[in-house]
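Colleague: If you use mature numbering (1 follows the signal peptide of the UniProt record, and there is no 0), the sequence shown corresponds to residues -23 to -1, 1 to 92, in order.
Don't be surprised by glycine CBs; every beta carbon is placed ideally from N, CA and C.
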Amino acid sequence: MKNLVIKFSVVMFVILATSFKSKTSTGFVTLEVSYIQTMGGHATVLNTDTNVSYDITAVDTYGQTEVPYGNYILTSASTNACSPPLLSSVSTSTGSDTFSIDDSSTSFTIYASCY
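(1) According to the neighbour-count rule (16 or more other Cβ atoms, all chains shown, within 10 Å of its Cβ), is S(-2) buried or exposed?
(2) Would you mind sorting G72 into buried or exposed? The rule is 16 or more other CB atoms within 10 Å of its CB.
(3) Run through DSSP, which three-state label would A35 get?
(4) Our contact map puts Q14 next to A54 with C-beta atoms below 8 angstroms; I'd like the distance itself, whole angstroms only.
(5) With DSSP collapsed to three states, give me the class of S84.
Right under this line is the structure:
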């Protein structure tokens, strides 16, 4: 009987230990800004699964926000100031404005520049 109680306790401990294991369900969206005169930039991504927007602000050359797993679309991105004759350019780490944050892809980078 004592042996059975010990085995049961070990099994319960393993179950409890695995249930408290931290599970990653978030990733990061990063905004990297290249500038000539005025620093900083702003971007917005929309989670198309939940219809929730997330803002990323770069005070100087870098900004990042944590987002939950899901499917996203880049809705806007820009530097803080880019007026003519300078040109604004936006690109992404995947070359697409749509992306997913999940176990296989936990980050996405947006590049905004003014040149």
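Modeller: Reading it off the structure:
(1) Here residue -2 corresponds to residue number 22 of the sequence shown, with the count starting at 1. Below a pLDDT of 50, predicted positions are generally treated as unreliable, and S(-2), at 48, falls in that range; no measurement from the model is reported.
(2) Taking the sequence shown and counting its residues from 1, the one referred to as residue 72 is at position 95. Exposed.
(3) Taking the first residue of the sequence shown as 1, we reach residue 35 at position 58. Of the three classes helix, strand and coil, the one that applies to A35 here is strand, per DSSP.
(4) Walking along the sequence shown from the start, residue 14 turns up at place 37. Walking along the sequence shown from the start, residue 54 turns up at place 77. Wrong, their Cβ atoms sit about 18 angstroms apart, outside the cutoff.
(5) Position 107 of the sequence shown holds residue 84. Note: S84 maps to strand in three-state DSSP.
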